[in-house]
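Engineer:
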Amino acid sequence: MAKGYWVSVYPAISDPERLTAYDKLAGPAVQAGGGRVLSRIPSRGGRVVAHEAGITQRVVLIEFDSFEQAVAAYESEAYQKALVALPDGFERDFRIVEGID
Numbered sequence: 001m002a003k004g005y006w007v008s009v010y011p012a013i014s015d016p017e018r019l020t021a022y023d024k025l026a027g028p029a030v031q032a033g034g035g036r037v038l039s040r041i042p043s044r045g046g047r048v049v050a051h052e053a054g055i056t057q058r059v060v061l062i063e064f065d066s067f068e069q070a071v072a073a074y075e076s077e078a079y080q081k082a083l084v085a086l087p088d089g090f091e092r093d094f095r096i097v098e099g100i101d
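Using the UniProt record's numbering, the first residue of the sequence shown is number 1, and each one after it goes up by one.
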């Protein structure tokens, strides 16, 4: 079965401190849904080299055992509560993608 991935890119973060409330709720919701954070840059000290239209703002990659598990985690009550905590002024490109077996 192919794995599932959450890919989040934040082109604009107007108030990084306000993102903390979302992080505190989203982390446990992702874990409860079976997700594993593979990369969170640059906020955790990771390196990034952007090419073409790429950005160097926050990028988060989370892995799940299946695409269905990734979708279910997003739709979970716990993660939906985290989404409410995302403050206005944040621009985010979020996708759930299926990996290749």
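Note that CB positions come from ideal geometry on N, CA and C, so glycine has one too.
1. Judging by CA-CA distance, which residue of 85, 101 and 2 is the nearest neighbour of residue 15?
2. For residue 61, which of helix, strand or coil comes out of DSSP?
3. Hey, how far is the Cα of residue 1 from the Cα of residue 33?
4. Using the C-alpha atoms, what's the distance from residue 39 back to residue 63?
5. Do residue 79 and residue 70 have their beta-carbon atoms positioned less than 8 Å apart in this structure?
6. Just curious, the alpha helix (DSSP H) that residue 71 is in, first and last residue?
7. Do you know how far the Cα of residue 90 is from the Cα of residue 61?
8. Which term fits residue 54, buried or exposed, when burial requires 16 or more other beta carbons within 10 angstroms of its beta carbon?
Structural biologist: Taking the definition as stated:
1. The sequence position of residue 15 within the sequence shown is 15, counting from 1. Comparing Cα positions, the closest option is 85.
2. One-based indexing of the sequence shown puts residue 61 at position 61. Strand, per DSSP.
3. Numbered from 1 along the sequence shown, position 1 holds the residue referred to as residue 1. Numbered from 1 along the sequence shown, position 33 holds the residue referred to as residue 33. Cα to Cα, residue 1 sits roughly 17 Å from residue 33.
4. Residue 63 sits at position 63 when you count from the first residue of the sequence shown. Residue 39 sits at position 39 when you count from the first residue of the sequence shown. Their backbone Cα atoms lie some 10 Å apart in a straight line.
5. Sequence index remark: in the sequence shown, residue 70 carries index 70 (1-based). Sequence index remark: in the sequence shown, residue 79 carries index 79 (1-based). No; because the gap between Cβ atoms is not below 8 Å, this pair is not in contact.
6. Within the sequence shown, the letter at position 71 stands for residue 71. Here the alpha helix (DSSP H) through residue 71 covers 67–75.
7. Stepping through the sequence shown from its first residue, residue 61 is reached at position 61. Stepping through the sequence shown from its first residue, residue 90 is reached at position 90. Straight-line Cα distance between these residues: approximately 18 Å.
8. Along the sequence shown, one-based indexing puts residue 54 at 54. Exposed, since its Cβ has fewer than 16 Cβ neighbours within 10 Å.
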